[in-house]
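Engineer: Respectively, the protein sequence lines represent chains R and L. Under numbering that gives the first Met the number 0, think of the first position of the first sequence as 0, with each following residue one higher. Under numbering that gives the first Met the number 0, think of the first position of the second sequence as 0, with each following residue one higher. Take this structure, written in structure tokens, and hold onto it; I'll ask about it next.
Number of protein chains: 2
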Amino acid sequence: MPTRYKGTTLEIAALNAFIKLNRSVNALQARLLPPLQKEFGLTESQIAVLEATFHLGPLPQGELCRKILRSGSNVTTVVDNLERDGLVRRERDAQDRRIQIVHLTDAGRDLLMRALPVHVERITRTMSALEPDEQRELGRLCRKLGTSTAV
Amino acid sequence: MPTRYKGTTLEIAALNAFIKLNRSVNALQARLLPPLQKEFGLTESQIAVLEATFHLGPLPQGELCRKILRSGSNVTTVVDNLERDGLVRRERDAQDRRIQIVHLTDAGRDLLMRALPVHVERITRTMSALEPDEQRELGRLCRKLGTSTAV
DNA sequence: GCTCTACATTTCGACATCGAATAATTGGAG
DNA sequence: CTCCAATTATTCGATGTCGAAATGTAGAGC
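This is the structure:
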């Protein structure tokens, strides 16, 4: 979908980069998420929660929000589904009873241990379309773009 | 969220680029979509449909699927909502009555004409965190990554 | 003309996602 | 001690998103 918008040269250039950026992420997700779902029954958000609690230990839901960059109401939903499937467990914080601490269960850990290597391997294989220095450069550009506070 | 995964050097490099790529798109959407919603009541998918029918003329829903890279059932939903809001109109193809052709209404065109320049301007401003040659390089890398058929 | 297959769309059920409103709890001001 | 403001999580209603199943139509072959 090349840009058809009739704008300035500056706009055309920005839109082209923008569109390619979005498309590439689309393409990556199309390649990575269906297998994750079929083989392990996990969605992107779910594996993100499992990973976070695995690497960082039991976490208050609020922390989880910040880690996976999603809204509070969303994290409630995702944790609901994981809890229903027995992959995590909620525990009220003893000091502050407003806080729900999300623990990884043994089943959750087992599933993650099986799913993560496969997933990472697939990511690596897909990203290997770029040379190592290209990956670095892509990372640099994305980081510059994402962290810019330009309004 | 720097990678905590204990993998090979190759995996670490791929994951780092992958994460930064995803985050940058996240950040862009966080900056662009809320204003589009607040000011014009449009979602990303909705403006994509309006744009496609504006630039390409009335389109069969199947075409729309391919243009905006979404599933058929999804396009049905999005077009439902746009039709309810009077921004597009469905017409059965006279030759092949299986086909629904999506037409932009006057209201849809008016809204798009108001929303698109503002949206594009915001994209341009956000993307201007990168120099023109950086935008080109980002585009090139994303294109290479997205179109690679590497399994 | 009938039937079978292919195709376009819709429906359905599930999950993700958000923002706004609500509920529960805490901790501080008086 | 009581009340209020802030914080944490949940609920609610809307949209997007998918895949699988169902529906409706077309067109080919007989």
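A virtual CB, placed ideally from N, CA and C, is assigned to each residue, including glycine.
Which term fits Thr125 of chain R, buried or exposed, when burial requires 16 or more other beta carbons within 10 angstroms of its beta carbon?
Structural biologist: If you number the first sequence from 1, residue 125 of chain R lands on position 126. Counting Cβ neighbours within 10 Å, Thr125 of chain R comes out buried, since at least 16 surround it.
Engineer: Express the C-alpha separation of Thr52 of chain L and Thr42 of chain L in angstroms, rounding to a whole number.
Structural biologist: On the second sequence, residue 42 of chain L is found 43 positions in, with the first residue counted as 1. On the second sequence, residue 52 of chain L is found 53 positions in, with the first residue counted as 1. About 16 Å.
Engineer: What are the boundary residues of the alpha helix (DSSP H) that includes Ile98 of chain L?
Structural biologist: Sequence index remark: in the second sequence, residue 98 of chain L carries index 99 (1-based). That residue, Ile98 of chain L, is in no alpha helix (DSSP H); it is neither H nor E in DSSP.
Engineer: Where does Arg69 of chain L sit, in a helix, a strand or coil, going by DSSP?
Structural biologist: Your numbering for residue 69 of chain L matches position 70 in the second sequence. Coil at Arg69 of chain L, not helix or strand.
Engineer: Given Leu111 of chain R, which residues of its chain have a CB within under 6 Å of its CB, disregarding the five upstream and five downstream residues?
Structural biologist: Translated into the one-based positions of the first sequence, residue 111 of chain R becomes position 112. Here the set comprises Leu49, Phe53.
Engineer: Among the residues of its own chain, which have a CB less than 8 Å from the CB of Thr104 of chain R, if the five just before and after it don't count?
Structural biologist: One-based indexing of the first sequence puts residue 104 of chain R at position 105. Closer than 8 Å at Cβ, skipping near neighbours: Gly85, Leu86, Val87, Arg88.
Engineer: Would you be able to state if there are at least three C-beta pairs under 8 Å between the stretch 107-123 of chain L and the stretch 116-132 of chain R?
Structural biologist: The answer is no - the stretch 107-123 of chain L does not touch the stretch 116-132 of chain R, with fewer than three Cβ pairs under 8 Å.
Engineer: Listed from N- to C-terminal order along the chain, which residues in the stretch 10-24 of chain R have their beta-carbon within a distance smaller than 7 Å of any beta-carbon of chain L?
Structural biologist: The stretch 10-24 of chain R vs chain L, Cβ under 7 Å: Glu10, Ala12, Ala13, Leu14, Asn15, Ala16, Phe17, Lys19, Leu20, Asn21, Arg22, Ser23, Val24.
Engineer: Per DSSP, what kind of secondary structure is Leu131 of chain L in: helix, strand or coil?
Structural biologist: Within the second sequence, numbered from 1, the residue matching residue 131 of chain L stands at position 132. A small correction: the amino acid at residue 131 of chain L is Pro; Leu does not occupy that position in the sequence shown. In the structure shown, Pro131 of chain L sits in a helix (DSSP, three-state: H, G or I).
Engineer: When you compare each of L:Arg22, L:Asn25, L:Phe17, L:Arg30 to Ile122 of chain L by their alpha carbons, which one comes out closest?
Structural biologist: By 1-based counting over the second sequence, the position of residue 122 of chain L is 123. Ranking L:Arg22, L:Asn25, L:Phe17, L:Arg30 by Cα distance to Ile122 of chain L puts L:Arg30 first.
Engineer: Reducing DSSP to helix, strand and coil, say where Leu103 of chain L ends up.
Structural biologist: Counted from its first residue, the second sequence places residue 103 of chain L at position 104. The answer is strand: DSSP assigns Leu103 of chain L an E or B state.
Engineer: On the DSSP bridge list, what partners appear for Arg91 of chain R?
Structural biologist: For the purposes of this step, residue 91 of chain R is taken as residue 92 along the first sequence, with counting starting at 1. In the DSSP output, where bridge partners are listed per residue, Arg91 of chain R has R:Gln99.
Engineer: 8 Å is my cut-off, CB to CB: does Met0 of chain L come that close to chain R?
Structural biologist: Sequence index remark: in the second sequence, residue 0 of chain L carries index 1 (1-based). Any reading at Met0 of chain L needs caution, since the residue's pLDDT is 46, under 50, leaving its predicted position unreliable; the model's value is listed next. Yes, because at least one Cβ of chain R sits closer than 8 Å to the Cβ of Met0 of chain L.
Engineer: If you draw a straight line from the alpha carbon of Val117 of chain R to that of Gly6 of chain R, how long is it in whole angstroms?
Structural biologist: The residue given as residue 117 of chain R occupies position 118 in the first sequence. The residue given as residue 6 of chain R occupies position 7 in the first sequence. Roughly 44 Å separates the two Cα atoms.
Engineer: Am I right that Gln45 of chain R and Asn80 of chain R are in contact with their C-beta atoms under 8 Å? What's the rounded C-beta distance?
Structural biologist: Your numbering for residue 45 of chain R matches position 46 in the first sequence. Your numbering for residue 80 of chain R matches position 81 in the first sequence. With 8 Å as the limit, Gln45 of chain R and Asn80 of chain R qualify as a contact, their Cβ atoms being about 7 Å apart.
Engineer: Let me know if Val56 of chain R comes out buried or exposed under the rule of 16 or more other beta-carbons within 10 Å of its beta-carbon.
Structural biologist: Translated into the one-based positions of the first sequence, residue 56 of chain R becomes position 57. The sequence as given places Gly at residue 56 of chain R; Val does not occur at that position. Its Cβ having fewer than 16 others within 10 Å, Gly56 of chain R is exposed.
Engineer: Assuming Gln60 of chain R and Gln99 of chain R form a contact by the criterion Cβ under 8 Å, report the distance between their Cβ atoms to the nearest whole angstrom.
Structural biologist: In the first sequence, counting from the first residue as 1, residue 60 of chain R sits at position 61. In the first sequence, counting from the first residue as 1, residue 99 of chain R sits at position 100. Indeed they touch by this definition, with Cβ atoms about 5 Å apart.
Engineer: How far does the alpha helix (DSSP H) with Thr8 of chain L in it extend, from its first residue to its last?
Structural biologist: Here residue 8 of chain L refers to the residue found at position 9 when the second sequence is read from its first residue. Note, Thr8 of chain L: alpha helix (DSSP H), 8-39.
Engineer: Candidates R:Ala13, R:Arg139, R:Val78: which alpha carbon is nearest Ala12 of chain L's?
Structural biologist: Counting from one through the second sequence, the residue named residue 12 of chain L turns up at place 13. Taking only the C-alpha atoms, the option nearest Ala12 of chain L is R:Arg139.
Engineer: Where do the N-terminal and C-terminal ends of the alpha helix (DSSP H) with Leu86 of chain R fall, by residue?
Structural biologist: Indexing the first sequence from 1 puts residue 86 of chain R at position 87. Where Leu86 of chain R is concerned, there is no enclosing alpha helix (DSSP H), given that its DSSP letter is neither H nor E.
Engineer: Using beta carbons (cut-off 8 Å, strictly below), is Glu62 of chain L in contact with chain R?
Structural biologist: If you number the second sequence from 1, residue 62 of chain L lands on position 63. With 8 Å as the cut-off, Glu62 of chain L does not count as an interface residue toward chain R.
Engineer: With 9 Å as the limit, tell me which residues of the stretch 93-113 of chain L have their beta carbon closer than that to any beta carbon of chain R; keep them in chain order.
Structural biologist: Cβ contacts with chain R come from no residue of the stretch 93-113 of chain L.
Engineer: Could you tell me how far apart the beta carbons of Leu68 of chain R and Asn25 of chain L are, in whole angstroms, since I believe they sit closer than 8 Å?
Structural biologist: In the first sequence, counting from the first residue as 1, residue 68 of chain R sits at position 69. In the second sequence, counting from the first residue as 1, residue 25 of chain L sits at position 26. So it is a contact: roughly 6 Å between Cβ atoms.
Engineer: Which residues, in order along the stretch 28-42 of chain R, keep a beta-carbon less than 7 Å from a beta-carbon of chain L?
Structural biologist: So nothing in the stretch comes that close.
Engineer: Does Val119 of chain R get closer than 8 Å to chain L when you measure Cβ to Cβ?
Structural biologist: Position 120 of the first sequence, counting from 1, holds the residue named residue 119 of chain R. Chain L, which has a Cβ nearer than 8 Å to the Cβ of Val119 of chain R, makes this yes.
Engineer: So, is the C-beta of Ala149 of chain R closer than 8 Å to a C-beta in chain L?
Structural biologist: Here residue 149 of chain R corresponds to residue number 150 of the first sequence, with the count starting at 1. For Ala149 of chain R, the predicted model reports a pLDDT of 49, less than 50, meaning its position is unreliable; a value from the coordinates is still stated below. True, the Cβ-Cβ gap to chain L drops below 8 Å.
Engineer: Please report the distance separating the alpha-carbon of Val101 of chain R from that of Glu62 of chain R.
Structural biologist: Against the first sequence, residue 101 of chain R aligns to sequence position 102. Against the first sequence, residue 62 of chain R aligns to sequence position 63. Near 10 Å, if we compare the C-alpha coordinates of Glu62 of chain R and Val101 of chain R.
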